[in-house]
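All remarks here apply to the structure that follows.
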Amino acid sequence: MPVFSCKNRSIDLYYILEGKGPVLFLISGYLASHEGLIPLSKTLSDRFTTILIDNRGTGKSSLPEKAYYIEDMARDVLALMDHLNIKKADFVGVSMGSGIVLTLSMLAPGRINRAILLTPFYRLPKPALIAADMALLSMQEKAPFHKTYLNSIAWLYSDKFLSNTVLMEKKIHQLETLENPTHEQGAAGQHHALKNYDIENKLSQIKTPCLLLAGEQDILSPLYIAKKMHNLLPSSKLVVFQDSAHMIHHEEEALVTHEIKKFL
Numbered sequence: 136m137p138v139f140s141c142k143n144r145s146i147d148l149y150y151i152l153e154g155k156g157p158v159l160f161l162i163s164g165y166l167a168s169h170e171g172l173i174p175l176s177k178t179l180s181d182r183f184t185t186i187l188i189d190n191r192g193t194g195k196s197s198l199p200e201k202a203y204y205i206e207d208m209a210r211d212v213l214a215l216m217d218h219l220n221i222k223k224a225d226f227v228g229v230s231m232g233s234g235i236v237l238t239l240s241m242l243a244p245g246r247i248n249r250a251i252l253l254t255p256f257y258r259l260p261k262p263a264l265i266a267a268d269m270a271l272l273s274m275q276e277k278a279p280f281h282k283t284y285l286n287s288i289a290w291l292y293s294d295k296f297l298s299n300t301v302l303m304e305k306k307i308h309q310l311e312t313l314e315n316p317t318h319e320q321g322a323a324g325q326h327h328a329l330k331n332y333d334i335e336n337k338l339s340q341i342k343t344p345c346l347l348l349a350g351e352q353d354i355l356s357p358l359y360i361a362k363k364m365h366n367l368l369p370s371s372k373l374v375v376f377q378d379s380a381h382m383i384h385h386e387e388e389a390l391v392t393h394e395i396k397k398f399l
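This is the structure we're talking about:
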């Protein structure tokens with residue numbers, strides 16, 4: 136699979152292209168490689184050329200030693216667009232990925248058509264900051280990535296999902312068989328980026344049409360945040376999934392896919 140070496144940014148970015156049609160980037164959240172978005176990509180690649188990326192610090196992409204920011208990850212995506220000769224595209228961003236997409240839309244508004252933001256936030260809420268701190272501490276204490284994730288799972292999924300034995304066994308198997316689980320160094324870099332992210336005062340300047348998908352049971356990015364973003368973004372639509380928490384693309388894959396296709 137392709138790896139883009141961006142020499143002027145001293146970064147290697149791993150990416151995957153699937154399908155045919157208009158280009159649709161899928162951008163993952165904190166600690167997540169592209170693997171968590173493969174199911175969503177497969178449901179969208181019948182209509183779009185989907186591009187999945189391992190953000191810096193995850194998967195097969197570089198693990199920079201110096202501190203970096205959400206803006207750095209947004210500029211990584213822009214560099215990849217230049218490399219692939221993609222002038223303009225649609226974007227899906229999940230959690231931290233929504234911040235990358237919104238930052239990209241501020242840096243280069245002419246490069247983005249529409250943005251779909253799953254469980255978004257304009258800065259990291261306190262519950263999410265505590266969860267991110269705990270995950271980083273777990274990895275610094277050398278816990279395997281799948282155990283770090285499982286220790287955080289109650290923050291991520293709804294009671295309905297957590298109570299489903301079949302779904303939980305499937306999720307545990309997926310975690311235990313990840314090809315490239317996130318490394319402690321990558322977790323620290325992304326943690327720094329999240330702690331320094333705050334665009335609340337800039338939302339009103341973002342002209343990109345945005346679809347906000349939020350989970351009513353989300354603890355990490357509570358619904359009030361999505362509602363506030365909906366009010367501040369000049370061109371936005373908000374859809375709420377009543378039975379879901381933070382990982383709505385896992386809990387409500389078919390409905391999320393439907394909303395994305397309808398918006399695009």
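Just so you know, we're using my numbering here: the sequence shown kicks off at 136 and counts up by one. Just so it is clear, CB atoms sit at the ideal spot from N, CA and C, and this is done for glycine as well.
- Assignment of Lys372 by DSSP, reduced to helix, strand and coil, places it in the strand class.
- Our two residues, Leu347 and Pro279, have alpha carbons roughly 33 Å apart in a direct line.
- Excluding five sequence positions before and after Asn315, the CB atoms of its chain that fall closer than 7 Å to its own CB belong to Ser168, Gly194 and Lys195, given in chain order.
- Between Cys345 and Ala250, the beta carbon gap of about 5 Å places them in contact (Cβ cut-off 8 Å).
- Setting aside the 5 residues that flank it on each side, Phe376 is surrounded in the same chain by Gly350, Ile383 and Glu387, each with a C-beta closer than 6 Å to its C-beta; the list follows chain order.
- Of the residues Ile395, Leu399, Phe256 and Leu215, the one whose Cα lies closest to the Cα of Ile334 is Phe256.
- Here Pro157 has Phe183 as same chain residues with Cβ atoms under 6 Å from its own Cβ, once five neighbours each way along the sequence are excluded.
- The alpha carbon of His308 has as its nearest neighbour, out of His327, Leu291 and Lys282, the alpha carbon of Lys282.
- Residues of the same chain with a CB within less than 7 Å of the CB of Ala243, apart from the 5 flanking positions on each side, are Leu213 in chain order.
- Residue range Ile247 to Leu253 is occupied by the beta strand (DSSP E) that includes Arg249.
- Bounds of the beta strand (DSSP E) holding Glu153 are Ile146 to Glu153.
- Straight-line spacing of the CA atoms in Leu355 and Leu166 works out to 14 Å.
- Note: Ala349 is bridge-paired with Val375 in the DSSP secondary-structure output.
- Residue pairing for Ala224: DSSP places it in a beta bridge opposite Ile247.
- Look at Ser196 here: in three-state DSSP terms it is coil, with no helix or strand label.
- Less than 9 Å divides the Cβ of Ser293 from the Cβ of Asp378.
- A straight-line Cα-Cα distance of about 13 Å links Tyr149 and His218.
- Taking a 10 Å sphere around the C-beta of His393, we find fewer than 16 other C-beta atoms and assign the residue as exposed.
- In this structure, the beta-carbon distance from Gly171 to His385 falls below 9 Å.
- By the Cβ neighbour-count rule, Gln352 is buried, with 16 or more other Cβ atoms within 10 Å of its own.
- Distance from the CA of Ile247 to the CA of Lys306, rounded to the nearest whole angstrom, comes to 33 Å.
- Remark: C-beta atoms of Phe160 and Ile205 do not approach each other more closely than 9 Å.
- In this structure, DSSP gives Ile354 a state outside helix and strand, which the three-state scheme calls coil.
- Measuring C-alpha to C-alpha distances from Lys295 to each of Ala380, Asp225, Ser240 and Ala328 identifies Ala380 as the nearest.
- Non-local C-beta neighbours of Ser240 in its own chain, meaning closer than 7 Å and more than five positions away in sequence, comprise Ile247, Ala250, Ile341 and Thr343, ordered along the chain.
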